[in-house]
Amino acid sequence: MYDNSKRAKAFKRNSNLEEVLFELNGLIEPLAQEKLSLPEHPIVLIMGVARSGSTLLMQYLANCGLFSYPSNLIARFFKNPYLGIRIQQALIEYDVNNELGLSNSHHIIDFRSNLGKTKGALSPSEFWYFWRDYFKFDSNGKLTEAALSKVDHERFLKNLSAFYLLFGKPLVMKGMMLNWNIPYLYDINNKFIFVNIKRDILNNAHSLYEARIKYFNDPSRWYSFKPEEYEKLLGLTPVEQVVGQVLYTQRAVELGLSQVPKTNKIEITYDEFCNNPYSILEMLKSRFNDLNSNLTLPKDNQIAFTPSVVEGLDDYRQALTKLNKL
Numbered sequence: 018m019y020d021n022s023k024r025a026k027a028f029k030r031n032s033n034l035e036e037v038l039f040e041l042n043g044l045i046e047p048l049a050q051e052k053l054s055l056p057e058h059p060i061v062l063i064m065g066v067a068r069s070g071s072t073l074l075m076q077y078l079a080n081c082g083l084f085s086y087p088s089n090l091i092a093r094f095f096k097n098p099y100l101g102i103r104i105q106q107a108l109i110e111y112d113v114n115n116e117l118g119l120s121n122s123h124h125i126i127d128f129r130s131n132l133g134k135t136k137g138a139l140s141p142s143e144f145w146y147f148w149r150d151y152f153k154f155d156s157n158g159k160l161t162e163a164a165l166s167k168v169d170h171e172r173f174l175k176n177l178s179a180f181y182l183l184f185g186k187p188l189v190m191k192g193m194m195l196n197w198n199i200p201y202l203y204d205i206n207n208k209f210i211f212v213n214i215k216r217d218i219l220n221n222a223h224s225l226y227e228a229r230i231k232y233f234n235d236p237s238r239w240y241s242f243k244p245e246e247y248e249k250l251l252g253l254t255p256v257e258q259v260v261g262q263v264l265y266t267q268r269a270v271e272l273g274l275s276q277v278p279k280t281n282k283i284e285i286t287y288d289e290f291c292n293n294p295y296s297i298l299e300m301l302k303s304r305f306n307d308l309n310s311n312l313t314l315p316k317d318n319q320i321a322f323t324p325s326v327v328e329g330l331d332d333y334r335q336a337l338t339k340l341n342k343l
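Add 17 to the 1-based position in the sequence shown for the numbering used here, that's all there is to it.
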C-alpha cells in the first residue's frame with residue numbers, strides 16, 4: 018500500500034471512509050458463509066501489466082451483460098461479497114420503483130476510468146481490498162510457498178462463488194495482483210480462465226511513467242505491481258524502471274501461463290481488443306465450451322475503441338535495448 022501522504026490529492030485515501038469500511042467489514046465477515054460452496058462454473062481472471070488496457074477490457078465484459086463482476090458498491094463489503102451483492106440488489110437492482118432515488122445513471126458503464134478507478138455504484142471495481150485480505154505481499158509480487166500455504170483458499174473461492182449464486186452469471190474480475198502466482202491459482206481452481214492482455218512494451222511503459230506523475234506528482238516513485246526484479250530496477254532511471262516493469266511482468270505472466278492448460282487461457286493484445294472487442298467474447302465462448310460450460314453471446318454491436326498510442330519514445334526503446342542485454 019502506498020504512503021497516503023505521498024499521493025496526489027485525487028488519489029488520497031479518505032480516512033473517515035476507511036474507518037467505516039473496516040469496522041463494517043469486521044462485523045459482516047462471518048455472516049452467511051454457510052450459504053457458499055466451492056465454484057462449479059468458470060471464473061474469468063484478467064491478467065497482465067498495469068496500464069495494459071485491463072480496465073477497458075473489464076468495463077467491456079461487465080457491460081456486455083454476460084458476466085457478474087465486483088462493482089464499486091460490492092467492493093465496499095470486500096470481506097463478505099455475498100452480503101455486498103445482497104445490499105446492491107436491495108438498494109439498486111430490485112428497487113424497481115426507485116424509492117431510494119438511486120437513478121438509472123448508476124447502471125451506466127461509460128468506459129471512462131482514472132488509473133483503473135471507475136465512477137458509479139455499479140461500475141466495475143479492481144477489488145484489490147478483497148485480494149489483499151487473503152494474499153499478504155512482501156517486497157514484490159511473487160508470493161513464496163510459505164506465504165501461499167497460509168492462504169485460506171477455500172474461503173477465498175467460496176466468496177467468489179457468491180457471484181454466480183446470486184447473479185446467475187459467471188464472474189469476471191481482475192486477477193493481476195497474482196500475476197506471479199498463476200500456477201497456484203490454477204491448482205486451487207481448475208475452472209479459472211486467465212485472459213492475458215498485452216500492450217506494446219514501449220507504450221505500456223510510457224503509460225506507467227505518466228501514471229507515476231499523475232498519482233504521485235513524481236516520476237521517480239514506483240507505481241503499481243512490483244516484479245521479482247524490483248530491487249534490481251531501483252538503481253535505474255525512471256524510464257528504465259517502467260520499461261523493466263513491463264518487460265519482467267510480461268515474462269512472468271507468460272511463464273505462469275505456460276504451466277496452465279490451453280483450455281484455461283487466452284491471450285489478446287491491446288490493439289486487437291480495441292479494434293475488435295467482440296473477439297474476446299468469441300474466445301471466451303470457446304474456452305467455456307472447453308470447460309463443459311456454456312456462454313451464449315449477444316449480437317455483435319460493432320463497437321470499437323481507439324487505441325492510445327504515442328509515437329517516438331526513443332528513450333524507452335533505448336531502455337528496452339539496455340534491459341534486454343542485462
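Note that CB positions come from ideal geometry on N, CA and C, so glycine has one too. Quick caveat: nothing in here was measured; it's all calculated off a predicted structure.
{"query": "Run of the alpha helix (DSSP H) containing L301, from where it starts to where it stops", "result": "Y295 to D307"}
{"query": "N- and C-terminal bounds of the alpha helix (DSSP H) containing L264", "result": "P255 to L274"}
{"query": "Within 8 Å, strictly: CB atoms of I199 and V263", "result": "no"}
{"query": "Best match in F184, T266 and V212 for proximity to P278 [C-alpha to C-alpha]", "result": "V212"}
{"query": "Of the listed residues E289, N318, N281 and D288, nearest to R304 (C-alpha basis)", "result": "N281"}
{"query": "Cβ-Cβ separation, S140 to L53 (assumed contact under 8 Å), whole Å", "result": "In fact, because the Cβ distance is near 25 Å, the residues do not count as touching under 8 Å."}
{"query": "S166 - DSSP class collapsed to helix/strand/coil", "result": "helix"}
{"query": "DSSP three-state assignment for T280, whether helix, strand or coil", "result": "helix"}
{"query": "Pair within 8 Å by beta-carbon distance, E284 and K215", "result": "yes"}
{"query": "8 Å Cβ cutoff met for G82 and R93", "result": "no"}
{"query": "Residue interval of the beta strand (DSSP E) (run including I45)", "result": "Segment S32 to I45 is the alpha helix (DSSP H) holding I45; no beta strand (DSSP E) there."}
{"query": "Collapsed DSSP secondary structure at N207 in the structure displayed", "result": "coil"}
{"query": "N-terminal and C-terminal residue of the beta strand (DSSP E) that L62 is part of", "result": "I60 to M64"}
{"query": "Start and end residues, alpha helix (DSSP H) containing M75", "result": "S71 to N80"}
{"query": "For K136, three-class secondary structure by DSSP", "result": "coil"}
{"query": "Same chain only: Cβ atoms within 7 Å of R334, ignoring 5 sequence neighbours per side", "result": "L219"}
{"query": "Simplified DSSP assignment, three categories, for N198", "result": "helix"}
{"query": "Which of helix, strand or coil DSSP assigns to S310", "result": "coil"}
{"query": "Cβ pair F180, Y151 closer than 8 Å", "result": "no"}
{"query": "Span separating the alpha-carbon of S310 from that of Q267", "result": "29 Å"}
{"query": "Where T323 falls: helix, strand or coil (DSSP)", "result": "coil"}
{"query": "Residues that DSSP places opposite V113 in a beta bridge", "result": "In DSSP, V113 forms no bridge with anything."}
{"query": "Supposed close pair S156, Y247 - CB separation, criterion 8 Å", "result": "7 Å"}
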